[in-house]
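Student: I have a structure here, written as structure tokens, and I will follow up with some questions on it.
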Amino acid sequence: MKYIFETRMEVRDYECDIEGIVNNANYLHYAEHTRHLFLKSLGVSFAKLHEQGIDAVVHSMKLQYKVPLRCDDEFISRLNLKKDRFKYMFYQDIYRASDEQLCFRATVELVCLINGQLGNSPEYDEAFKAYIG
Numbered sequence: 002m003k004y005i006f007e008t009r010m011e012v013r014d015y016e017c018d019i020e021g022i023v024n025n026a027n028y029l030h031y032a033e034h035t036r037h038l039f040l041k042s043l044g045v046s047f048a049k050l051h052e053q054g055i056d057a058v059v060h061s062m063k064l065q066y067k068v069p070l071r072c073d074d075e076f077i078s079r080l081n082l083k084k085d086r087f088k089y090m091f092y093q094d095i096y097r098a099s100d101e102q103l104c105f106r107a108t109v110e111l112v113c114l115i116n117g118q119l120g121n122s123p124e125y126d127e128a129f130k131a132y133i134g
């Protein structure tokens with residue numbers, strides 16, 4: 002897969018369960034943080050858009066857990082983006098940095114609420130124009 006953004010992170014001990022592996026819910030945090038960093042890299046403020054009544058919200062997620070991350074593992078979170086009508090489709094993969102092993106894969110569909118109503122956001126379309134065509 003071609004990626005348009007990536008960031009590196011490290012597993013913290015409190016993110017692991019009794020088995021010594023990252024609790025499955027934490028992968029959602031990693032994916033969300035990656036999307037927020039991607040927005041920030043484009044000069045977009047999630048908070049400022051919210052103040053304008055523009056909210057990007059998760060519509061659905063498809064998750065695949067491949068190989069578990071463990072305490073102190075460094076990992077690389079990568080994403081790609083497409084648009085399908087009202088939906089922004091984020092394709093997100095997390096790889097263990099030491100060996101590039103795929104650990105997690107997600108397809109995250111976001112929609113925009115404009116003052117509480119489903120709609121297209123010219124602001125997000127403008128920010129993503131290099132990636133959504």
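In terms of our numbering, the sequence shown has 48 at position 47, counting the first letter as 1, and numbering is strictly consecutive.
Virtual Cβ for every residue (Gly too), placed ideally from N, Cα, C.
Please read these numbers as outputs of a predicted model, since none were measured by experiment.
(1) Tell me where the alpha helix (DSSP H) around Asn25 begins and ends.
(2) May I ask which residues mark the beginning and end of the beta strand (DSSP E) holding Phe76?
(3) Identify every residue that forms a DSSP beta bridge with Met10.
(4) Determine the DSSP secondary structure at Leu50, reduced to helix, strand or coil.
(5) Could you check whether the stretch 60-70 touches the stretch 34-41, counting it as contact only if at least three pairs of C-beta atoms, one from each stretch, sit closer than 8 Å?
(6) Excluding the five sequence neighbours on either side, which residues of its own chain have a C-beta within less than 8 Å of the C-beta of Asp14, listed in chain order?
(7) Quick check on the burial criterion: 16 or more other C-beta atoms within 10 angstroms. Buried or exposed for Leu103?
(8) Would you grab the beta carbon distance between Leu50 and Glu124 for me? Rounded to a whole angstrom, and I think it's under 8 Å.
Tutor: According to the structure data:
(1) Unbroken alpha helix (DSSP H) run through Asn25: Asn25 to Ser42.
(2) Under the DSSP assignment, Phe76 falls in the beta strand (DSSP E) whose first and last residues are Glu75 to Asp85.
(3) Note: Met10 sits in a beta bridge opposite Phe76.
(4) Helix at Leu50.
(5) The stretch 60-70 is not in contact with the stretch 34-41.
(6) Excluding sequence neighbours, Asp14 sits near Cys72 and Asp73.
(7) Under this definition Leu103 is an exposed residue.
(8) Rounded, the Cβ-Cβ distance is 6 Å, consistent with contact.
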